[in-house]
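Protein chains in written order, with numbering that gives the first Met the number 0: chain A, 0 to 379; chain B, 0 to 233.
Ideal placement from N, C-alpha and C gives every residue a C-beta, glycine not left out.
Right, one structure below, let's go through it.
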Amino acid sequence: MGKVALRMLFGDPGKYLGLVFGIAFATLLMAQQAGLFVGILGRTVSQIVDVQEADLWVMDPRVKYSDVTEPMTDTQLYRVRSVEGVAWALPFYRAMSTARSPDGILEQTLLLGVDDATLTGAPRKVLLGNIDDLRQPDAVAIDRAGFGRLWPNVPLDLGREVEINDRRVKVVAITEAGAPFTTAPVVVMRYSQALIVAQPRRSQLSYVIARAAPGHNAEDVAARIARDTGLQGLTRDGFVNKTMTYFLRNTGIPINFGITIALGFIVGAAIVGQTFFLFVVENLRQFGALKAIGVGNLAILRMVLLQAGVAAVTGYSIGIGLAAAFFEFVPRISIELRGLALPAEVAVGVAAAVLLIIAAASFASVRRVLVVDPAIVFRG
Amino acid sequence: MSFAVKCRDVIKSFESEAGLQRVLHGVDLDVPWGEMTMLVGPSGCGKTTLLSIVAGILSFDSGDVEVDGQDIAKMSDALRVAFRRRTLGFIFQQYNLLPALTAAENAAIPLVAGGMELSAAAKAAMPLLDQLGMGEHAAKLPRQLSGGQQQRVAIARALVHEPKLVVCDEPTAALDATGGRTVMEMLRAASVRADRATLVVTHDHRIFDFADRIVRMEDGRIAGIETKALETVP
Ligand SMILES: Nc1ncnc2c1ncn2[C@@H]1O[C@H](COP(=O)(O)OP(=O)(O)OP(=O)(O)O)[C@@H](O)[C@H]1O
Ligand SMILES: [Mg+2]
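And the structure:
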């Protein structure tokens, strides 16, 4: 009877399209908003994730998230190095600073300082130039998006000069950095130079990045660092979670996105529920006739669920396709929108939400069909 | 003499605002094999109620109902569904064809319900549609057919799986006089045979002459039975 069910569904194009549209709309809205949400949340930890070499982050115990640091003394670095299970530990500087281009463009920039000797933590993806040139005096690397903000409509090139906190530095490399939350240019220099360039009040150690030695579990080492040094020792994932949680708890981001996502769910559920209910109710007599003829309740149930399922799959495919197209297209509009994508988890989550919508929509309708008395077919 | 349907002392009441309303007051009914039996009587006398009980789609308060030798009250719900699917053919006043299916596919529904694939079943329904003069309309949708043509498709649907008992409620009520007669001629020709019984509820006196036997109902009771045999044989 499956084929019969599908013919019934496609035989009512108005309702079928209404169902598909409702589900596609809900899917698109939920997936698009959830994708943006995940993308924006991900930006809060870009500069943690970009440091691929480190699996441990050590900081002042008062630090709540990655953007606002509390300076530590340089001696803390040596204490971390002496903790058992630490393969290496290096300084990492992070602060906001002001950049001024020769044309007078002012930009708040994210200034990162990496270990002088190894340059560990410097961006790995270099588009132009050589990251080793950071060892030259007054050298900086700047990310592609930041270059575009300081020198709009200029093709990427090297050797340009810029003032950071009134100190003149020279661009020796253009990198690709994970988009920061504030979309500020990401400027990287040697740690020692960063201390000079940055304001005196901030010219101290922000983070110690470290790696657990082979055979040591990062979580154990992080706990040991905390115990031995009194500092805050976190694994990379731990720091990512802490930062994301901070943004979730202390900003309007989750509520704003949550409202739109909920709206997509509710509107979708309303359209789909209404349409499917009408579809089933209008076919109630037909279902009654089928029951009289000898189609059992289980077979009827399968027919209705098949109809709901096919509408759901079609609508979801269209909606998720449109959402994917959105995320494919949007990063091309502006470099500031780079890195936004449709994560697989969002696609799966939205599928679950659609399943919920269609389950709710079928529930009321299924009840009507199952209780329909076949004896109605003999009544006028 | 064995009967396709045997009802004994069937009582049926409905819940209504005025309390329990008794509609059938102990009905005895025998429907013989090989004939077309008509159940006639004034509106509201309980014809449809009795037919629904015989067809196994309505429960009753007390009494015995046997169809093809089987006690339908004793069957489980699932068994009764399967029994209807195999043993009964249905014809409704409102045709109740599926609007999205072609005539052939509609006629094939009982075969599909029995597990046959839709297109194969539609093919299997073709000879019957031909016999009912609907061969050339087999690919049409119900809305492209006249009422009489739709009812002929419904007749094909009622017979396609070779049921032992065919039940019809007012099969001609929605048709004009000639349309009604054509449908009844077709129904008689296709349905009536030695191993099958056909039970037609109607108050359309224009078609009484198609019956082999007429059972008159009045106010929830059987009021009389006439047979052609009685009329023709002195
Ligand atoms: N589901 C029901 N609930 C309550 N009362 C019912 C129900 N079905 C039928 N009745 C009542 O039972 C009585 C007999 O109804 P039934 O439909 O069997 O009559 P009928 O002989 O078929 O009439 P008609 O020729 O008008 O179709 C009527 O009074 C009707 O109102
Ligand atoms: Mg009636």
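Between the region 26-57 of chain B and chain A, which residues of the former have CB atoms less than 8 Å from a CB of the latter, in chain order?
Thr47, Leu50, Ser51, Ala54, Ile56 and Leu57
Could you please go through the chain and list the residues whose beta-carbon is closer than 5 Å to any non-hydrogen atom of ligand 1?
B:Phe13, B:Val22, B:Ser42, B:Gly43, B:Cys44, B:Gly45, B:Lys46, B:Thr47 and B:Thr48
Which residues DSSP lists as bridging Gly88 (chain B), in chain order:
Start at 1 with the first residue of the second sequence, and residue 88 (chain B) comes out as number 89. The partner list for Gly88 (chain B) (beta bridge, DSSP) reads B:Val165.
Closer than 8 Å is the cut-off here; do at least three beta carbon pairs connect the region 265-282 of chain A with the region 352-368 of chain A?
yes
Just verifying my parser: in three-state terms, what is the DSSP assignment at Lys11 (chain B)?
Counting from 1 along the second sequence, the entry for residue 11 (chain B) is found at position 12. Strand, per DSSP.
Return the chain-ordered list of same chain residues with a C-beta closer than 6 Å to the C-beta of Gln203 (chain A), the five sequence neighbours on each side being excluded.
Sequence index remark: in the first sequence, residue 203 (chain A) carries index 204 (1-based). Cβ within range, chain order: Pro70.
Residues within the region 353-377 of chain A neighbouring chain B, beta-carbon criterion of under 7 Å
Pro373, Ala374, Val376 and Phe377
Of all the CB atoms in chain B, is at least one closer than 9 Å to the CB of Ala307 (chain A)?
The residue given as residue 307 (chain A) occupies position 308 in the first sequence. It does not; no Cβ of chain B falls within 9 Å.
Where Val80 (chain B) meets chain A, residues with beta-carbon distance less than 7 Å:
Mapped onto the second sequence, residue 80 (chain B) falls at position 81. Correct list: Gly293 and Gly295.
Leaving out five residues on either side along the sequence, give the residues of the same chain with a beta carbon under 6 Å from the beta carbon of Val186 (chain A).
Counting from 1 along the first sequence, the entry for residue 186 (chain A) is found at position 187. Here the set comprises Thr108, Leu110, Val139 and Ile141.
Using CA coordinates, which residue listed in A:Tyr64, A:Ala197, A:Gly147 and A:Leu230 is at the minimum distance from Asp165 (chain A)?
Locating residue 165 (chain A) in the first sequence gives position 166, counting from the first residue. It is A:Ala197.
For Ile332 (chain A), which residues does DSSP report across the bridge?
In the first sequence, residue 332 (chain A) corresponds to position 333, counting from 1. Looking at the DSSP assignment, Ile332 (chain A) forms no beta bridge with any residue, so it has no partner.
Can a CB atom of chain B be found closer than 9 Å to the CB of Lys241 (chain A)?
Counted from its first residue, the first sequence places residue 241 (chain A) at position 242. Judged by the 9 Å Cβ criterion, Lys241 (chain A) is not in contact with chain B.
Can you tell me which residues form a DSSP beta bridge with Val57 (chain A)?
Position 58 of the first sequence, counted from the first residue, corresponds to residue 57 (chain A). Beta-bridge pairing links Val57 (chain A) to A:Val207 and A:Gly232.
Roughly how many whole angstroms lie between the Cα atoms of Thr313 (chain A) and Val345 (chain A)?
Counting from 1 along the first sequence, the entry for residue 313 (chain A) is found at position 314. Counting from 1 along the first sequence, the entry for residue 345 (chain A) is found at position 346. Thr313 (chain A) and Val345 (chain A): Cα-Cα distance of roughly 18 Å.
Beta-carbon separation (whole angstroms), Gly272 (chain A) vs Ala25 (chain A), contact threshold 8 Å
Residue numbering aside, residue 272 (chain A) sits at position 273 when the first sequence is read from its first letter. Residue numbering aside, residue 25 (chain A) sits at position 26 when the first sequence is read from its first letter. Their Cβ separation, rounded to whole angstroms, is 11 Å, which puts Gly272 (chain A) and Ala25 (chain A) out of contact at 8 Å.
Taking all protein chains shown into account, decide if Pro109 (chain B) is buried (16 or more other Cβ within 10 angstroms of its Cβ) or exposed.
Within the second sequence, residue 109 (chain B) is the residue found at index 110, counting from 1. Pro109 (chain B) is buried by the Cβ-count criterion.
Give a yes or no on whether 9 Å exceeds the smallest Cβ distance from Arg42 (chain A) to chain B.
Here residue 42 (chain A) refers to the residue found at position 43 when the first sequence is read from its first residue. No, Arg42 (chain A) does not count as interfacial toward chain B.
Taking C-alpha atoms, which residue in A:Asp114, A:Asp156, A:Leu105 and A:Ile104 lies nearest to Asn129 (chain A)?
Locating residue 129 (chain A) in the first sequence gives position 130, where the first residue counts as 1. The option with the nearest alpha carbon to Asn129 (chain A) is A:Asp156.
Under 8 Å by Cβ, that's how I've got Phe380 (chain A) and Ile356 (chain A) pegged, so tell me the actual separation to the nearest angstrom.
Residue 380 (chain A) lies beyond the residue range present for chain A, which begins at 0 and ends at 379; the question has no answer from this structure.
Which same chain residues, not among the five before or five after Glu52 (chain A), have their C-beta less than 8 Å away from its C-beta?
In the first sequence, counting from the first residue as 1, residue 52 (chain A) sits at position 53. Around Glu52 (chain A): Thr119, Gly120, Ile208 and Arg210.
Would you tell me roughly how many angstroms separate the C-alpha atoms of Pro41 (chain B) and His202 (chain B), rounded to the nearest one?
In the second sequence, counting from the first residue as 1, residue 41 (chain B) sits at position 42. In the second sequence, counting from the first residue as 1, residue 202 (chain B) sits at position 203. Rounded to whole angstroms, Pro41 (chain B) to His202 (chain B) spans 7 Å at the Cα level.
Mind pulling the beta strand (DSSP E) runs of 3 or more residues that sit fully within the region 220-306 of chain A?
231-234
Mind listing, in chain order, the continuous alpha helix (DSSP H) runs of no fewer than 4 residues lying wholly within the region 139-186 of chain A?
143-149
For Glu327 (chain A) and Ser333 (chain A), what's the separation of their Cα atoms in angstroms?
Residue numbering aside, residue 327 (chain A) sits at position 328 when the first sequence is read from its first letter. Residue numbering aside, residue 333 (chain A) sits at position 334 when the first sequence is read from its first letter. Whole-angstrom Cα-Cα distance: 12 Å.
Give me the Cα-Cα distance between Ala221 (chain A) and Val85 (chain A), rounded to the nearest whole angstrom.
Counted from its first residue, the first sequence places residue 221 (chain A) at position 222. Counted from its first residue, the first sequence places residue 85 (chain A) at position 86. Taking the straight line from one Cα to the other gives about 9 Å.
Taking 8 Å as the cut-off, is the CB of Asp168 (chain B) close to at least one heavy atom of ligand 2?
Here residue 168 (chain B) corresponds to residue number 169 of the second sequence, with the count starting at 1. Correct: Asp168 (chain B) has its Cβ closer than 8 Å to ligand 2.
Exposure label - Leu105 (chain A); buried when at least 16 CB within 10 Å:
Working through the first sequence from its first residue, we reach residue 105 (chain A) at position 106. When all chains shown are included, Leu105 (chain A) counts as exposed.
How is Gln32 (chain A) classed by DSSP in three states: helix, strand or coil?
Stepping through the first sequence from its first residue, residue 32 (chain A) is reached at position 33. Three-state DSSP puts Gln32 (chain A) in a helix.
Have a look at B:Ile56, B:Asp70 and B:Phe82 and flag the residue whose alpha-carbon is nearest the alpha-carbon of Val376 (chain A).
By one-based count along the first sequence, residue 376 (chain A) stands at place 377. Looking at the Cα atoms, B:Ile56 is the closest of the given residues.
Any idea what DSSP makes of Phe20 (chain A), helix, strand or coil?
Numbered from 1 along the first sequence, position 21 holds the residue referred to as residue 20 (chain A). In this structure, Phe20 (chain A) counts as helix in the three-state DSSP scheme.
Contact test: Phe377 (chain A) Cβ vs ligand 2 heavy atom, cutoff 8 Å:
Mapped onto the first sequence, residue 377 (chain A) falls at position 378. At least one heavy atom of ligand 2 is nearer than 8 Å to the Cβ of Phe377 (chain A), so yes.
C-alpha distance - Arg235 (chain A) paired with Leu55 (chain A), whole-angstrom precision
Counting from one through the first sequence, the residue named residue 235 (chain A) turns up at place 236. Counting from one through the first sequence, the residue named residue 55 (chain A) turns up at place 56. For Arg235 (chain A) and Leu55 (chain A), the distance between alpha carbons rounds to 5 Å.
Measuring from the CB of Val53 (chain B), is there a heavy atom of ligand 2 at a distance below 8 Å?
In the second sequence, the residue the question calls residue 53 (chain B) occupies position 54. For ligand 2, not one heavy atom lies less than 8 Å from the Cβ of Val53 (chain B).
Contact residues within the region 96-109 of chain B, judged by C-beta distance below 8 Å to chain A:
Leu97, Pro98, Ala99, Leu100, Glu104, Ile108 and Pro109
Kindly examine ligand 2 and report whether one of its heavy atoms sits closer than 8 Å to the Cβ of Val214 (chain B).
Numbered from 1 along the second sequence, position 215 holds the residue referred to as residue 214 (chain B). Result no, Cβ not under 8 Å from ligand 2.
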